[in-house]
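Step one of this worksheet: look at the structure below.
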Amino acid sequence: PAATAAPAQPAAEGKTAAQPTAAPAADREARIIVSQATDADTLHPILISSTNSEMIARLMLEGLYETDPTTGKPIPLLAESYSNPDPKTWEFKLRKGVKFHNGEPVTVQDVAYSYEVAVNDPKTRLSTVKGNVEGTEIVDEATVRVKTKVIYPAFLDNLAQDVRIVPANYTKQAGTDGFNLKPIGTGPYKFVEWMKDDHLTLVRNDDYWGEKPSIKEIVWKPIPDAATRVAALETGQSDLIVHLPPTEAQRLEGHRDLKVSKVPSMRTIYIGMNTGTGKAQVVDDPLKDVKVRQAVQRAIDYDAIIRDVLKGDGLRVASTLVPANWGFDKDLKAVEYNPEEAKKLLAEAGYPNGLTLDFDIPSGRYLLDREVGEAVAGQLAKVGIKTNLQIQEWGAFYDKYLGLKDKGLFLLGVGKDIYPDGHFFTYYHSKGRGFYFQDAEVDGLIDKSLSTLDENVRLDAFRQLQKALIDKAHWAYLYQQMDIYGARNRLQFEPTADEWMHLEKSQVAK
């Protein structure tokens with residue numbers, strides 16, 4: 085699932101202070117160009133598994149609930165209310181008068197269909213939904229029930245948002261590929277066109293059921309190279325860019341036409357390891373030994389990466405959770421940089437003279453991802469872990485990851501909801517992805533957290549789970565990503581920790 089907002093984090097920092105003057109009138113005919121490093125992977129809701137796709141799709145496709153980016157609380161969207169006849173049944177009353185972009189009304193049949201496809205379609209990537217939703221039941225023409233396999237306390241935060249409601253008849257006729265080429269939803273923006281790796285255009289839905297957005301047209305234009313992206317911002321070819329490099333952010337501070345904003349995200353950047361216990365059929369054999377994986381953890385100088393590569397724009401983390409997550413354990417101790425201990429562990433595992441591992445790194449997906457990966461490789465080499473670096477653009481890298489072909493190490497980032505139930509299930513449970521790691525103890529702790537409404541029991545399970553994941557060493561948690569944006573002053577934009585941008589709430593001054 086995509087990440088959701090983080091109310092407990094510091095507010096975004098704007099490097100040009102707002103002046104105490106009346107807000108300028110909005111240009112409701114405005115067109116803006118947004119540049120991120122990578123294009124969307126897909127626009128089909130059951131296939132979306134990355135934030136760069138989600139941030140675009142969410143403007144067109146809506147769920148029953150969404151998360152308020154300010155408070156972090158779930159709020160009604162296509163549902164107007166819910167009730168629980170029993171702990172495993174969620175009954176939703178649909179909002180009246182909502183129409184899809186093709187003019188068809190939203191019905192309970194569409195909701196039931198959307199959930200059934202998310203659960204049963206062989207292509208679905210919504211593993212948390214598939215693993216925890218039993219099925220749906222239509223009560224009447226305004227009411228639908230979703231039944232879960234377990235109690236699942238975070239339903240509104242996870243499952244009610246992950247499933248985007250689509251028109252059943254159109255989606256069946258169009259098929260997966262057809263819907264991806266022309267998605268239809270209920271959101272504040274409608275699809276216009278998508279020229280893969282060139283641009284994707286959305287236009288305001290003037291018949292939107294909710295508050296109409298101000299900006300008329302949004303064009304998403306991927307620019308993989310950071311320097312080219314910055315140049316596009318400075319020349320006015322882009323109005324908003326993501327992953328502004330820290331050195332460029334410093335240079336552009338005080339620019340008369342631009343604003344630089346930073347916000348701690350809900351995303352953790354990590355080094356993943358193929359432990360040989362998951363679904364992948366290929367593996368670098370040394371990583372089957374937990375001592376080798378623990379050596380990788382201790383060979384990384386986390387503080388140096390944050391200081392020297394990110395120029396301070398990253399926050400040290402002990403586990404996958406960040407301070408804004410429910411269940412974050414402030415007393416959990418992070419793995420410390422200890423190269424001598426790393427060498428000792430390698431020797432105990434039978435590799436006194438070192439070893440060689442494959443290491444896959446994406447280029448352009450995350451802030452300075454290539455540079456971070458290369459720095460990690462250099463640190464690993466100092467303790468005797470040589471790496472076969474394979475640096476790829478995001479599409480090829482992610483296809484390899486999803487295709488279970490990462491043999492050794494890989495650099496990835498993971499965003500998450502305030503309530504991390506969906507995150508834990510998707511990435512750590514054997515019934516979730518289970519690509520490169522599966523473990524019975526971890527499964528049991530996740531199951532325990534999903535089987536009760538008792539918050540103390542859930543918190544205890546989360547604490548034990550985070551500690552177990554560190555000890556089993558299938559990830560080395562690097563840092564919490566700082567999101568850095570550059571925007572033209574004409575665009576009134578405030579970043580949030582969920583990376584979704586919320587451009588439906590932005591406006592352009594006349």
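In the numbering used here, the protein residues as written are 85 to 594.
Note that beta-carbon positions come from the ideal geometry of N, C-alpha and C, so glycine has one too.
Integer-rounded CB distance, given that PRO370 should sit under 8 Å from LEU441: Translated into the one-based positions of the sequence shown, residue 441 becomes position 357. Translated into the one-based positions of the sequence shown, residue 370 becomes position 286. About 7 Å; that satisfies the 8 Å criterion.
Where VAL169 falls: helix, strand or coil (DSSP): Here residue 169 corresponds to residue number 85 of the sequence shown, with the count starting at 1. First, the residue type needs correcting, since residue 169 is Pro and not Val in the sequence shown. Three-state result, PRO169: strand.
Strand pairing of THR285, partner residues [DSSP]: The count along the sequence shown starts at 1 and reaches residue 285 at position 201. Beta-bridge pairing links THR285 to GLU277 and VAL303.
Counterpart residues of ASP205 in DSSP-defined beta bridges: Position 121 of the sequence shown, counted from the first residue, corresponds to residue 205. Partner(s): none; ASP205 has no beta bridge.
Cβ neighbours of VAL69 in the same chain (closer than 6 Å, five flanking residues each side left out): Nothing about residue 69 can be reported from this structure: the residues present for the chain run from 85 to 594 only.
Status (buried if at least 16 other CB within 10 Å, exposed otherwise) for ARG335: Working through the sequence shown from its first residue, we reach residue 335 at position 251. By the neighbour-count rule (16 or more Cβ atoms within 10 Å), ARG335 is not buried but exposed.
Residue of LEU148, GLN120 and TYR149 minimising C-alpha distance to MET139: Taking the sequence shown and counting its residues from 1, the one referred to as residue 139 is at position 55. Of LEU148, GLN120 and TYR149, the residue nearest in Cα terms is GLN120.
Boundaries (first-last residue) of the alpha helix (DSSP H) holding ARG547: On the sequence shown, position 463 is the one that residue 547 refers to. Its alpha helix (DSSP H) spans residues 539–556.
C-beta atoms of HIS128 and PHE263 nearer than 8 Å: Residue 128 sits at position 44 when you count from the first residue of the sequence shown. Residue 263 sits at position 179 when you count from the first residue of the sequence shown. Taking 8 Å as the Cβ cut-off, HIS128 and PHE263 qualify as a contacting pair.
Residue range of the alpha helix (DSSP H) that includes SER533: Taking the sequence shown and counting its residues from 1, the one referred to as residue 533 is at position 449. It spans 524–533 - the alpha helix (DSSP H) in which SER533 sits, taken as one unbroken run.
Buried or exposed by the 16-neighbour rule on C-beta atoms within 10 Å, applied to ALA408: Here residue 408 corresponds to residue number 324 of the sequence shown, with the count starting at 1. Buried, by the Cβ-count rule.
TRP584 versus PRO158: straight-line alpha-carbon distance, rounded: Here residue 584 refers to the residue found at position 500 when the sequence shown is read from its first residue. Here residue 158 refers to the residue found at position 74 when the sequence shown is read from its first residue. Near 16 Å, if we compare the C-alpha coordinates of PRO158 and TRP584.
Alpha-carbon to alpha-carbon, ARG574 and GLY30: The structure shown does not extend to residue 30, since the chain is modelled only from 85 through 594, so no value can be given for it.
Beta-carbon proximity list for ALA557, same chain, < 6 Å, skipping 5 on both sides: Translated into positions along the sequence shown, residue 557 becomes position 473. Result list for ALA557: VAL374, ARG377, GLN378 and GLN381, in chain order.
Cutoff 6 Å; reference THR105; Cβ partners in own chain excluding five residues on either side: What you label residue 105 is simply residue 21 of the sequence shown in a count that begins at 1. Its pLDDT being 47, under 50, THR105 is placed unreliably in this model, and the value from its coordinates should be taken loosely. Result list for THR105: empty, nothing under 6 Å.
Spatial distance of LYS274 from GLU218 (CA atoms): Position 190 of the sequence shown, counted from the start, is the residue given in the question as residue 274. Position 134 of the sequence shown, counted from the start, is the residue given in the question as residue 218. Rounded to whole angstroms, LYS274 to GLU218 spans 32 Å at the Cα level.
Contacting residues, own chain, Cβ-Cβ under 8 Å from LYS207 (five flanking each side not counted): Counting from one through the sequence shown, the residue named residue 207 turns up at place 123. For LYS207, where only same-chain residues beyond five positions count, the Cβ hits under 8 Å are ILE130, LEU131 and THR260.
Helix, strand or coil at THR404 according to DSSP, with G and I counted as helix: As a working mapping, residue 404 is identified with position 320 in the sequence shown. Residue state, collapsed to three classes: coil.
Proximity below 8 Å, CB of GLN564 to CB of VAL367: For the purposes of this step, residue 564 is taken as residue 480 along the sequence shown, with counting starting at 1. For the purposes of this step, residue 367 is taken as residue 283 along the sequence shown, with counting starting at 1. Contact flag unset, no.
Where GLN93 falls, given that 16 or more other Cβ within 10 Å makes a residue buried: Taking the sequence shown and counting its residues from 1, one reaches residue 93 at position 9. Confidence at GLN93 is low in this model, with a pLDDT of 42, below 50, so its placement is unreliable and the value that follows should be read with caution. With 16 or more Cβ atoms within 10 Å of its Cβ, GLN93 is classed as buried.
Beta-carbon proximity check, GLU425 vs GLY269, cutoff 8 Å: Translated into the one-based positions of the sequence shown, residue 425 becomes position 341. Translated into the one-based positions of the sequence shown, residue 269 becomes position 185. No, these two residues do not count as a Cβ contact at 8 Å.
Endpoints, beta strand (DSSP E) assigned at ILE117: On the sequence shown, position 33 is the one that residue 117 refers to. Here the beta strand (DSSP E) through ILE117 covers 115–119.
Buried/exposed call for ASP282, threshold 16 Cβ in 10 Å: Indexing the sequence shown from 1 puts residue 282 at position 198. Exposed, by the Cβ-count rule.
Pairwise C-alpha distance: ASN136 and THR151: The residue labelled residue 151 in the question sits at position 67 within the sequence shown. The residue labelled residue 136 in the question sits at position 52 within the sequence shown. When rounded, the distance between both Cα atoms is 18 Å.
Among ILE355, LEU317, VAL347 and LYS346, nearest to ARG340 - alpha-carbon criterion: Mapped onto the sequence shown, residue 340 falls at position 256. Measuring from the Cα of ARG340, the nearest candidate turns out to be LEU317.
Cβ contact check for the region 183–190 and the region 214–234: 3 or more pairs under 8 Å: no
Residues of its chain near ARG547, where Cβ-Cβ distance is below 6 Å and the 5 sequence neighbours each way are ignored: Mapped onto the sequence shown, residue 547 falls at position 463. Cβ within range, chain order: ASP413.
Runs of alpha helix (DSSP H) wholly within the region 214–271 (minimum 4 residues, chain order): 243–246 and 252–265
Supposed close pair PHE494, TYR485 - CB separation, criterion 8 Å: Sequence index remark: in the sequence shown, residue 494 carries index 410 (1-based). Sequence index remark: in the sequence shown, residue 485 carries index 401 (1-based). Confirmed, Cβ separation roughly 6 Å.
CB of TYR236 within 8 Å of CB of LEU534, strictly: As a first step, residue 236 is located in the sequence shown; it is residue number 152 there, counting from the start. As a first step, residue 534 is located in the sequence shown; it is residue number 450 there, counting from the start. Against a cut-off of 8 Å, the Cβ pair of LEU534 and TYR236 comes out as a contact.
Selection from GLU477, ILE475, VAL460 and GLN476 that minimises the alpha carbon distance to THR469: Here residue 469 is taken as the residue at index 385 of the sequence shown, counted from 1. The amino acid occupying residue 469 in the given sequence is Ile; Thr does not appear at that position. Considering only alpha carbons, the answer is VAL460.
Exposed unless 16 or more other CB atoms sit within 10 angstroms - verdict on LEU529: In the sequence shown, residue 529 corresponds to position 445, counting from 1. Buried.
Own chain, CB closer than 7 Å to LEU405, minus 5 neighbours either side, in chain order: Your numbering for residue 405 matches position 321 in the sequence shown. These residues qualify, in order along the chain: GLY411, PHE412, PRO504 and GLN550.
Runs of alpha helix (DSSP H) wholly within the region 490–520 (minimum 4 residues, chain order): Entirely contained in the region 490–520, the alpha helix (DSSP H) runs reaching 4 residues are, in chain order, 505–512.
Endpoints, alpha helix (DSSP H) assigned at VAL377: As a first step, residue 377 must be located in the sequence shown, where it is residue number 293. Residue identity differs from the one stated: residue 377 is Arg in this sequence, not Val. Per DSSP, ARG377 belongs to the alpha helix (DSSP H) from 374–383.
In DSSP terms, what GLN365 is bridged to: Position 281 of the sequence shown, counting from 1, holds the residue named residue 365. Partner residues in a beta bridge of GLN365, as assigned by DSSP, do not exist.
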